[in-house]
Amino acid sequence: MSGDEVGPQRRRVRVWFGDHVVADYRAAADVADRYAAAMERRFAGLRVTNEPTPDPDPGPDRVLPGERLWEVAPK
């Protein structure tokens, strides 16, 4: 860790329907990456962004739901 890093990088993941945000999630980078990947699979036609948050990040950390909720089976 370099001298100016305080902790793990936080990221903001948003799911967009046109110009409208339909999901907004902030977490540590590794959790945010998992969330973004799940949203890209679940909402394949929508744009998903995964960006660094500013320091200090005003958003709350939320725990991801159980893995079972992320399963998407093709039919």
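Quick note: the sequence shown uses the UniProt record's numbering, first residue 1, plus one each step.
Heads up, the beta-carbon is just placed ideally off N, CA and C, and yes, glycines get one too.
Please read these numbers as outputs of a predicted model, since none were measured by experiment.
Reduced DSSP secondary structure (H/G/I, E/B, other) of residue i
i, result
"aspartate 19", "coil"
"residue 131", "The structure shown has nothing for residue 131, since the chain only spans 1 to 75."
Selection from the options that minimises the alpha carbon distance to residue i
i, options, result
"arginine 11", "Met39, Ala32, Val22 and Ala38", "Ala32"
"valine 21", "Tyr35, Arg47, Glu51 and Pro54", "Arg47"
"arginine 42", "Thr53, Pro52, Ala23 and Ala29", "Ala23"
"phenylalanine 17", "Glu51, Pro54, Pro52 and Ala44", "Ala44"
Residues bridged to residue i [DSSP beta-bridge criterion]
i, result
"valine 31", "The partner list for valine 31 (beta bridge, DSSP) is empty, contrary to what the question assumes."
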